[in-house]
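Structure first, then comments.
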Ligand code: HT7
Ligand code: ZN
């Protein structure tokens, strides 16, 4: 497929300023009539009007009321004789929602109609200039059967509604804000709404509605509360109010991503919307809060100011992820709960984005080319993009960042702009700042792929009482980018003495500072340092880099016990564990945890002041994909064996402490998903899983029995799933009856059954049993590739999140992967290409995995009628 290049951007030959859309909704054949006000763009030479359109049946094309000649060229409708003036264009076409299994455009799910237009779904509804820099004002008339589709929704305000003949009815919606077509939405179906009227600080009244299927209404309270909290936060933190009288959120079970920020009509995957204590875990409640906030925040960062072209995607996504992360931290409240949020975000970044940055799909935050834009809704664009925005804030300060945001909206409200425009606004609002003085170098974060390596070495001069810190950076080559230039790396840091006391870094007595690295190598000297200090670098993970500070285990122990920065306390513990695991892997020796490490972990577990949530994170070993990232040649089985050994040793050495922790962290009273209660549940669940694991090697039946009892009696899903996971992950005999019981209890709740599949597909592999079970589950009557959540729960869980079950010496995992990708591609290319990415890093695998994996990728690539989505992924993998 041809590549689209960022530097080829050109304005369109025409703008579409106003659209009148009429839908005669029918699952088999929906009729769409589009009346557009088209304006000639005098900034570019006159040329044909080229409209995008896919999977449509064209009925007629009129310009100023008269038919015109046109031709269809691939996915374009070309009108050669379009006037060199403004004109009215009318197009009539049909599409087939019930056959739309790709879930892009207009489709049906559970008997209702939904749309998904980002990135290029609008062209699957009608012919249009389906690009984000074409912004129009929409009026939408929906006509449908009144009994099957009593609710008819679109963007903006309801301006008319009423009955029609033949049991049909209609609704007219007008959206006053010009918007790109990707923010257009329609929903029609038999839905019910939770409603809430709110008054904002500015004194405006709004109606908030959360629409779901009948029966799901009681699961929408948390989403509604999250929406209200998001509104309050955005007004308080950034002065950004809701600009619509009505804000609607709708849940749908078949959805390719988490949610979509359509103007005034957000559409959500039910997995990101519905929660009750009995069916959703603490993690689900937290995820829902963050996604509801994310979509709401897009109303300003994405909708009011949108992207000029899709290469600028991180302009809205990186910024909005940053905003939802800040919101979650503010909602968490205490410094410790904020640190837990940050640690979770960084753990996610390292587990998903770092591998992306070092694999076949590595690309800059602002990519240079793509074949299929849907392949670039990536963790690099989203999460690394958010880290880039965080670095702006670190370099100009929180107030400076808020001033930069204000200037960004003053300059660009109502426009479609670029990442450069955002950078300019933040820098211009902060003249003289370390950002403004290095803006061009800073912007390399947008253009260079790959995770920079930061090396730090310190030298203490006892006679001069100085400490000299040498920082060096280097970014490894990535596909298509051999040579990298130095980037701007803000290093938030402090120095500790060997007893853990914070040292003054300057005459003012500051104990924390920001070093700004912008060269390949730089040296920083600290005065009046009496003895060899322990450096605490990159506090709060101040830049998305891999740090090599060469610290000894003894120095890491000082940081782990005493650093004022909670992130670095956690990080030191992870590094101690990682060092042991890597040492064993490189030496090909069995893993043995040192007594010092075990005692340090005991210290954390029994610490009287640390938060349970922090303890749970500190006592969880580094993930297998993060460990793999540290190695040049990856043997997934060896990594798994080392992690399992480390876990077994921690389980057994701290057995009594785990018992005490489990008993001390029972939450009394009704369920609430607040950070304190969820932290306790997380630690109790970890303790329980350690005790059940240890029971397996010691032959003890008490803890599996207790876990089963807890599973049966639990009053919330976090405890129930935690106990079930403890049994399944330890391979306990009681796992099978517990799984059966769980399925029977929740057989009618799709989101819970997704958990049932995922738990089994993600269980730690032992002797190929997990793989065999997962493969068998593809034949389970509840399994289907047609529902993305279900497909992800089994296929993605196995292929992308269970390396030891997937990477097998007999290559059966790769055969399974290829079969599933090909089957999925015929149904839903976006989901198929996500699953295809399980092979991004095949080339770093040890043999025999490497050759077998390559063969499987080649088998998929050899299929002639592959979608553009999957083709781009497998061809990049093989390049
Ligand atoms: N902006 C939304 C992206 C999205 C999407 C993209 C491609 C295909 C389907 C999709 N559904 C949603 C989601 C967000 O970042 O908020
Ligand atoms: Zn987003």
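In the UniProt record's numbering, the protein residues as written are 6 to 884.
Glycine included, C-beta positions come from ideal geometry on N, C-alpha and C.
Beta bridge counterpart(s) of residue i as assigned by DSSP
{"i": "residue 20", "result": "44"}
{"i": "residue 185", "result": "140"}
{"i": "residue 201", "result": "213"}
{"i": "residue 121", "result": "110"}
{"i": "residue 178", "result": "145 and 163"}
{"i": "residue 100", "result": "35"}
{"i": "residue 462", "result": "475"}
{"i": "residue 346", "result": "For residue 346, which the question treats as bridged, DSSP gives no partner whatsoever."}
{"i": "residue 83", "result": "55 and 76"}
{"i": "residue 341", "result": "BP columns for residue 341 are empty, so no partner."}
{"i": "residue 486", "result": "483"}
{"i": "residue 67", "result": "72 and 95"}
Outcome for residue i when other beta-carbon atoms lying within 10 angstroms are tallied against a minimum of 16
{"i": "residue 202", "result": "exposed"}
{"i": "residue 731", "result": "buried"}
{"i": "residue 891", "result": "The chain is shown from 6 up to 884; residue 891 falls before or after that span and cannot be answered."}
{"i": "residue 588", "result": "exposed"}
{"i": "residue 286", "result": "buried"}
{"i": "residue 299", "result": "buried"}
{"i": "residue 717", "result": "exposed"}
{"i": "residue 479", "result": "exposed"}
{"i": "residue 702", "result": "exposed"}
{"i": "residue 684", "result": "buried"}
{"i": "residue 742", "result": "exposed"}
{"i": "residue 830", "result": "buried"}
{"i": "residue 504", "result": "exposed"}
{"i": "residue 209", "result": "exposed"}
{"i": "residue 814", "result": "exposed"}
Closer than 8 Å: residue i CB and nearest ligand 2 heavy atom
{"i": "residue 390", "result": "no"}
{"i": "residue 326", "result": "yes"}
{"i": "residue 187", "result": "no"}
{"i": "residue 301", "result": "no"}
{"i": "residue 266", "result": "yes"}
{"i": "residue 322", "result": "yes"}
{"i": "residue 818", "result": "no"}
{"i": "residue 387", "result": "yes"}
{"i": "residue 307", "result": "yes"}
Check whether residue i and residue j have beta carbons under 9 Å apart
{"i": "residue 146", "j": "residue 99", "result": "no"}
{"i": "residue 492", "j": "residue 446", "result": "yes"}
{"i": "residue 605", "j": "residue 578", "result": "yes"}
{"i": "residue 832", "j": "residue 107", "result": "yes"}
{"i": "residue 770", "j": "residue 809", "result": "yes"}
{"i": "residue 519", "j": "residue 423", "result": "no"}
{"i": "residue 848", "j": "residue 878", "result": "no"}
{"i": "residue 223", "j": "residue 281", "result": "yes"}
{"i": "residue 37", "j": "residue 119", "result": "no"}
beta-carbon residue i near ligand 1 non-hydrogen atom, thresh 8 Å
{"i": "residue 379", "result": "yes"}
{"i": "residue 304", "result": "no"}
{"i": "residue 452", "result": "no"}
{"i": "residue 123", "result": "yes"}
{"i": "residue 262", "result": "yes"}
{"i": "residue 109", "result": "yes"}
{"i": "residue 256", "result": "no"}
{"i": "residue 353", "result": "no"}
{"i": "residue 382", "result": "yes"}
{"i": "residue 478", "result": "no"}
{"i": "residue 835", "result": "yes"}
Three or more beta-carbon pairs under 8 Å between the stretch 447-458 and the stretch 362-373, yes or no?
yes
Hey, is the stretch 384-397 in contact with the stretch 322-331, meaning 3+ C-beta pairs nearer than 8 Å?
yes
Counting pairs of Cβ atoms below 8 Å between the stretch 379-389 and the stretch 350-363, do you hit three or more?
yes
Using 8 Å as the threshold, is the stretch 199-219 in touch with the stretch 162-182, meaning 3 or more CB pairs across them?
no
Between the stretch 642-649 and the stretch 793-810, do three or more beta carbon pairs fall short of 8 Å?
yes
Do the stretch 462-470 and the stretch 399-413 touch if we need at least three Cβ pairs shorter than 8 Å?
no
Would you check if there are 3 or more beta carbon pairs closer than 8 Å linking the stretch 289-309 to the stretch 262-269?
yes
Touching or not, the stretch 131-150 and the stretch 56-63, by the rule of three or more beta carbon pairs under 8 Å?
yes
Are there three or more Cβ pairs, one per stretch, closer than 8 Å when the stretch 38-53 is compared with the stretch 19-27?
yes
Per the contact definition of three or more C-beta pairs closer than 8 Å, is the stretch 588-600 in contact with the stretch 312-319?
Contact between the stretch 312-319 and the stretch 588-600 is absent, because fewer than three Cβ pairs lie under 8 Å.
Within 8 Å, do at least three Cβ pairs link the stretch 337-346 to the stretch 150-163?
no
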